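Numbering follows full-length UniProt numbering, with no gaps: position 75 of the sequence shown is 75. By construction, the Cβ of each residue, glycine as well, lies at the ideal position given by its N, Cα and C atoms. In this text, all values refer to a predicted model and were calculated from it rather than measured experimentally. Step one of this worksheet: look at the structure below.
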Amino acid sequence: MPKPSGGLGFWDMSAFNQALVTKQEWRIIQHPDSQIPATVKRFFWRATQNYLPTFGNLETRKLRDSLICPRCKKEPEDTFHCLVSCIYARRVWKQTSFTTLLLQTRIRDLLSLWKYMATLLTRLEFELLVMVCWSIWYSRNTFLYAGDSRDPWRVYIRAEVILEEFKSATVDSYQVRNSGTGPRQIYWTPLQSGWFKANVDAAVREAEEYAGLGVIIKNKEGKVMAAAVSKRLYLVM
Ligand SMILES: [Zn+2]
Numbered sequence: 001m002p003k004p005s006g007g008l009g010f011w012d013m014s015a016f017n018q019a020l021v022t023k024q025e026w027r028i029i030q031h032p033d034s035q036i037p038a039t040v041k042r043f044f045w046r047a048t049q050n051y052l053p054t055f056g057n058l059e060t061r062k063l064r065d066s067l068i069c070p071r072c073k074k075e076p077e078d079t080f081h082c083l084v085s086c087i088y089a090r091r092v093w094k095q096t097s098f099t100t101l102l103l104q105t106r107i108r109d110l111l112s113l114w115k116y117m118a119t120l121l122t123r124l125e126f127e128l129l130v131m132v133c134w135s136i137w138y139s140r141n142t143f144l145y146a147g148d149s150r151d152p153w154r155v156y157i158r159a160e161v162i163l164e165e166f167k168s169a170t171v172d173s174y175q176v177r178n179s180g181t182g183p184r185q186i187y188w189t190p191l192q193s194g195w196f197k198a199n200v201d202a203a204v205r206e207a208e209e210y211a212g213l214g215v216i217i218k219n220k221e222g223k224v225m226a227a228a229v230s231k232r233l234y235l236v237m
């Protein structure tokens, strides 16, 4: 199929529609078993429905005079710009393995873009993509309301660390016993009062010679008490 001028580019439209029907990854948002925090699921759904309070949306509702992006100060801040095309979002995506796919596509509608990405990524990859979106939005808000501007790598690693912590917490919170004859039984084992749990994770980028370390400390109710990420030089010996 020839590439349509000004159209969707390199992929076949009918194949794409078929893929949407057959691929299940997109259902992550509604899927009860998808392992991303509920707040992030709600964020992502609101983003795809254009419900986020971007400056563009606030201007449309007469709640702001300007719709210009507060970070790049160059283009209107709609949801797609904020999460994908803004220079600050692009710098975060460059830290991920999704950047090439995002740069290749000409899709400019957020819902269509994520549906398209869902056809190409594994479920685990798509979960990380959702977390990175959330982290970009979180970073935008902390910049806007607290003046805190994290470097793109930290925005990315926060998404990865929190996702890994969330996944491990759902496993670590259970003690699995196997009787050897009957079915495996799962028992809830909460932390004792006064105890804290620390989850540690690391990500290594050999090509770029750095490693990221992250730690999250939670109390017995599961409330995050402290979190930190750090970037370190990584050398293969
Ligand atoms: Zn911008």
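Unbroken alpha helix (DSSP H) run spanning residue i, endpoints
{"i": "W56", "result": "Going by the sequence as given, residue 56 is Gly instead of Trp. Unbroken alpha helix (DSSP H) run through G56: 55–60."}
{"i": "S135", "result": "123–146"}
{"i": "I87", "result": "87–93"}
C-alpha distance - residue i paired with residue j, whole-angstrom precision
{"i": "Q49", "j": "F196", "result": "38 Å"}
{"i": "W93", "j": "L129", "result": "9 Å"}
{"i": "P53", "j": "T60", "result": "10 Å"}
{"i": "R91", "j": "W45", "result": "23 Å"}
{"i": "I217", "j": "V40", "result": "19 Å"}
{"i": "K73", "j": "W114", "result": "25 Å"}
{"i": "S168", "j": "Y88", "result": "30 Å"}
{"i": "N57", "j": "L67", "result": "8 Å"}
{"i": "T79", "j": "A47", "result": "7 Å"}
{"i": "P76", "j": "C69", "result": "5 Å"}
{"i": "A118", "j": "R140", "result": "24 Å"}
{"i": "R150", "j": "L111", "result": "27 Å"}
{"i": "S97", "j": "C82", "result": "19 Å"}
{"i": "P37", "j": "E127", "result": "10 Å"}
{"i": "T100", "j": "V132", "result": "15 Å"}
{"i": "D109", "j": "P152", "result": "23 Å"}
{"i": "Y156", "j": "F43", "result": "17 Å"}
{"i": "F55", "j": "W134", "result": "17 Å"}
{"i": "P2", "j": "R64", "result": "With a pLDDT of 40 at P2, under the threshold of 50, the modelled position of this residue cannot be trusted; read the value that follows with caution. Between P2 and R64, the C-alpha separation is close to 44 Å."}
{"i": "W137", "j": "A159", "result": "11 Å"}
{"i": "Q35", "j": "V84", "result": "23 Å"}
{"i": "K62", "j": "T142", "result": "23 Å"}
{"i": "R71", "j": "R154", "result": "17 Å"}
{"i": "Q95", "j": "Y51", "result": "27 Å"}
Three-state secondary structure assigned by DSSP to residue i
{"i": "I107", "result": "coil"}
{"i": "P76", "result": "strand"}
{"i": "residue 239", "result": "Only positions 1 to 237 of the chain appear in the structure, and residue 239 is not among them; the question remains open."}
{"i": "I68", "result": "strand"}
{"i": "L52", "result": "coil"}
{"i": "L63", "result": "coil"}
{"i": "I162", "result": "helix"}
{"i": "F196", "result": "coil"}
{"i": "F98", "result": "coil"}
{"i": "C36", "result": "The amino acid occupying residue 36 in the given sequence is Ile; Cys does not appear at that position. Here I36 sits in coil by DSSP."}
{"i": "S112", "result": "helix"}
{"i": "R46", "result": "helix"}
{"i": "R150", "result": "coil"}
* To do: Could you say if the segment 154–165 and the segment 100–108 meet the contact criterion of at least three C-beta pairs nearer than 8 Å?
  => no
* Given 8 Å, three or more beta-carbon pairs between the segment 115–125 and the segment 134–146 -> no
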